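So the structure is just underneath, and the comments pick up after that.
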Amino acid sequence: MGTSSDWDGEGAEEPLAGGVMNFVVKVGDTVRRRPCENHRFVHRLLERFAQAGWDGAPRFLGFDEKGREVLSFVSGHVDWDNAKATPLAEEGLAQVARLTRAFHDLTAGSDLAGAGEVVCHNDLAPRNCVYRSAREPREPFAFIDWDNAAPGRRIEDVAHVCWQFIVLGPANPDPAAAARHVRVIVDAYGLGPERGQLIETIFWWQDRSWRWIEARSREGDAAMITLRDRGATSDIQASLRWTRENRTVFEEALRR
């Protein structure tokens, strides 16, 4: 792991897309960003992945002279704007599910998972997924932005994958196809009997997400105010209503 002196004066800083919550730059083959409140846990998690030889996440390399964390740059294509992301084909969805299962299995029963089943990423979405290229069919191979990682249940990440990668909301014109894609993700992950709780867990994510944005906005969190002003709260509420309206379609797909 590098020390701050190892990362001094390496080259020009190139701002990276995304970054509502944090300002991120690329320097050479590294990424520099302000450490999150959860950074000690996240660094331990990334070190565990590195020790296991799992290439589905960046490597934590140390801190630079400005106190920013230094991560390896994961080269590939990222759909930074979820709203403009092209939906994945079924094999792409299955690969996202398999990647999720891989890091869950690496953390199950570990000290990092604590009393949880596994360590969850808690923000698995197109903007945090790296594809080998933008060409179709896109091949997901890594996840970035682990700031929200914490002990949790497997089904929580699986539900978030379903919500975000399938686009469960009014922008999706075909509930039946969406339900089929939920089943693709669940089967590729290998979710067991708990799949019966999946739709409720999607509701849980959608409900807590808009409430969290609103609460943090009232507290003066600039990033959350930006999201709220962009319409995130109303968009998520609409997604929750749409998913509830189509609940039966999803539940039938999971029972087959």
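To get the working numbering, take the position in the sequence shown, counting from 1, and add 1022. Every residue, glycine too, gets a C-beta built ideally from N, C-alpha and C. Because the structure is a prediction, the values reported are computed rather than measured.
So, residue i versus residue j, is the Cβ gap smaller than 8 Å?
| i | j | result |
| --- | --- | --- |
| Gly1114 | Pro1148 | no |
| Phe1165 | Ala1079 | yes |
| Ala1181 | Val1141 | no |
| Ala1201 | Ala1275 | yes |
| Phe1225 | Thr1270 | no |
| Gly1214 | Pro1173 | no |
| Asp1169 | Cys1058 | yes |
Starting from the Cα of residue i, find the closest Cα among the options and give me that residue.
| i | options | result |
| --- | --- | --- |
| Ser1094 | Tyr1153, Val1047 and Asn1060 | Val1047 |
| Phe1063 | Gly1075, Phe1045, Thr1129 and Pro1037 | Thr1129 |
| Lys1106 | Gln1186, Glu1222, Gly1218 and Ala1237 | Gln1186 |
| Phe1125 | Thr1108, Leu1068 and Ser1155 | Leu1068 |
| Pro1197 | Phe1272, His1065 and Glu1059 | Phe1272 |
| Ile1235 | Glu1222, Arg1252 and Thr1223 | Arg1252 |
| Arg1175 | Ser1155, Arg1205 and Thr1122 | Thr1122 |
| Arg1277 | Leu1038, Asp1127, Gln1219 and Asp1229 | Gln1219 |
| Phe1071 | Asp1127, Ser1231, Arg1263 and Pro1057 | Asp1127 |
| Pro1287 | Met1246, Ala1245, Ile1177 and Asn1268 | Any question about residue 1287 goes unanswered here, given that the chain covers just 1023 to 1278. |
| Ser1097 | Leu1038, Asp1229, Arg1056 and His1061 | Leu1038 |
| His1143 | Ala1237, Asn1060 and Arg1056 | Asn1060 |
Measure the alpha-carbon distance for residue i versus residue j and round it to whole angstroms.
| i | j | result |
| --- | --- | --- |
| Asp1077 | Glu1035 | 25 Å |
| Cys1151 | Phe1163 | 8 Å |
| Ala1254 | Thr1248 | 9 Å |
| His1203 | Gly1033 | 44 Å |
| Arg1250 | Thr1223 | 23 Å |
| Glu1161 | Tyr1153 | 5 Å |
| Arg1233 | Asp1167 | 22 Å |
| Ala1156 | Val1183 | 20 Å |
| Arg1230 | Val1206 | 25 Å |
| Arg1217 | Ala1199 | 18 Å |
| Trp1227 | Ile1221 | 10 Å |
| His1065 | Asp1133 | 14 Å |
| Met1246 | Thr1108 | 25 Å |
| Gly1131 | Ile1177 | 16 Å |
| Phe1045 | Arg1263 | 33 Å |
| Gln1073 | Arg1056 | 24 Å |
Just to confirm, does residue i get its C-beta within under 7 Å of one of the non-hydrogen atoms of the ligand GDP?
| i | result |
| --- | --- |
| Glu1273 | You won't find the ligand GDP in this model; it holds no ligand whatsoever. |
Hey, does residue i have any beta-carbon neighbour from chain D nearer than 8 Å?
| i | result |
| --- | --- |
| Lys1106 | Any reference to chain D falls outside this structure, which holds one protein chain only. |
| So does the region 1199-1217 actually touch the region 1236-1248, counting three or more Cβ pairs closer than 8 Å? | no
| Ordered list of beta strand (DSSP E) runs contained in the region 1028-1107, each at least 3 residues | 1046-1049, 1052-1055, 1082-1085 and 1091-1094
| query | Using 8 Å as the threshold, is the region 1077-1092 in touch with the region 1051-1064, meaning 3 or more CB pairs across them? | reply | yes
| query | Taking three-plus beta-carbon pairs below 8 Å as touching, is the region 1132-1149 in contact with the region 1099-1108? | reply | yes
| field | Given 8 Å, three or more beta-carbon pairs between the region 1117-1133 and the region 1090-1097 | value | no
| Can we say the region 1258-1270 touches the region 1180-1197, given the rule of at least three CB pairs closer than 8 Å? | yes
| said: If we require 3 or more residues per run, which beta strand (DSSP E) segments fall completely within the region 1242-1275? | reply: none
| Mind pulling the beta strand (DSSP E) runs of 3 or more residues that sit fully within the region 1121-1180? | 1140-1142, 1151-1153, 1162-1165 and 1172-1174
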